[in-house]
Structure formats: structure tokens, C-alpha cells
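Note that the working numbering has the sequence shown beginning at 40, numbered continuously upward. Cβ atoms here follow ideal geometry from the backbone N, Cα and C, with glycine treated the same way. Bear in mind that the values here come from a model prediction, so they are computed numbers and not experimental data. Right, one structure below, let's go through it.
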Amino acid sequence: MAHSKTSAIEAACARHNHRADALIEILHDVQHAQGCIDDEAARVIADKLNLSRADVQGVRSFYTDFIAEARRKTPVKICRAEACQAVGSDKLAAALETAGHDLETIFCLGNCALGPAVMVEDRLIGRATAERVAAQMERTK
């Protein structure tokens, strides 16, 4: 692991005073900094918090928001709950997959009245269309 990557992980642990009860916050910080929590990052976190690797892996794998490998593309989170399905999220998902987007299924983005709902990075898109998602993807590059 590169020194700067290790330093970023150590800094995240230090910001939370190396407290094991802050594991989720540390995992979020590390993922935000490096795009994922790979096995080496999990090992460093476990060492710094005096936890077993299994403890860190258990939390990392339980919460679906944490990923173990950096994504090559910006993921598109698409709501597949009933309200969004009723207004076309399945058709939209098919169109986005055909366009080559990396889709992540979510079961409610809290935007039911404006479905289908999609999230690109931190931007929520209501009444999403393939064109609106593509335009947002261009803005995030």
C-alpha cells in the first residue's frame, strides 16, 4: 500500500481518536477519501482500532454502501421500490444499462412523488430519464 494511502487511513482513525465505536464513521471517511475500503485498508483500520479483521470485514460487508473495490465509473443509484416501478424505473434501468452505466439498485430514495428517482453522486434526480441522467453524468466528470 502506498504511504499516502496508509496515511489517509491513519488520519481517519486519528480523527475519531482510534475509537472502535466510531468504526462506521471511519469506514465512511476512508471510502470517501479513496473510493473504496479494500482489504489492505480494512487491515490498517483493524490494526489502528485494535479490532480483528473479521470485525471490520463484518461491518464492511453488512452495509451495502461500503464497497471493497473502487468503481471505474460513477455509479447511478436507481430506486426500484414500488412507487418508482409504477412510473417506469424498470424501463429506465434497462435504458441506463444499455447505455453502459454502472447501476446500483436502491429501495427508496425518499422521492416517491417524483419517480422514477435516481441519484448520481450526491445529486438526486426526480422524474429521471436516460437523457437527464446522462447530462448529470457529464457534469460530474
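message: In the DSSP output, which residue or residues are listed as bridge partners for Thr103?
response: None; Thr103 has no bridge partner.
query: When you compare only the Cα positions, how much space is there between Val157 and Gln70?
result: 21 Å
- prompt: How would you label Asp68, buried or exposed, when you count the other beta carbons within 10 angstroms and need 16 or more for buried?
  reply: buried
- prompt: Measuring from the CB of Val157, is there a heavy atom of the ligand FAD at a distance below 7 Å?
  reply: You won't find the ligand FAD in this model; it holds no ligand whatsoever.
task: Along the alpha helix (DSSP H) that carries Leu88, what are the first and last residues, could you check?
output: 78–88
- prompt: Can the beta-carbon of Asp77 be found less than 8 Å from the beta-carbon of Pro114?
  reply: Between Asp77 and Pro114, the gap from beta carbon to beta carbon reaches 8 Å or more.
task: Give the straight-line distance between the Cα atoms of Met40 and Glu79, rounded to the nearest whole angstrom.
output: Only weak support exists for where Met40 lies, its pLDDT of 49 falling under 50; the value from the coordinates is given anyway. Cα to Cα, the separation comes out at about 7 Å.
- request: Kindly identify the DSSP beta-bridge partner or partners of Pro114.
  value: Asp141
- prompt: How big is the Cα-Cα spacing for Thr179 and Ala81?
  reply: 28 Å
message: Based on DSSP bridge pairs, tell me the residues matched to Val69.
response: According to DSSP, Val69 bridges with nothing at all.
- prompt: Shorter than 8 Å from the beta carbon of Leu148 to some beta carbon of chain D?
  reply: Looking at the structure shown, chain D is missing, and only one protein chain is on hand.
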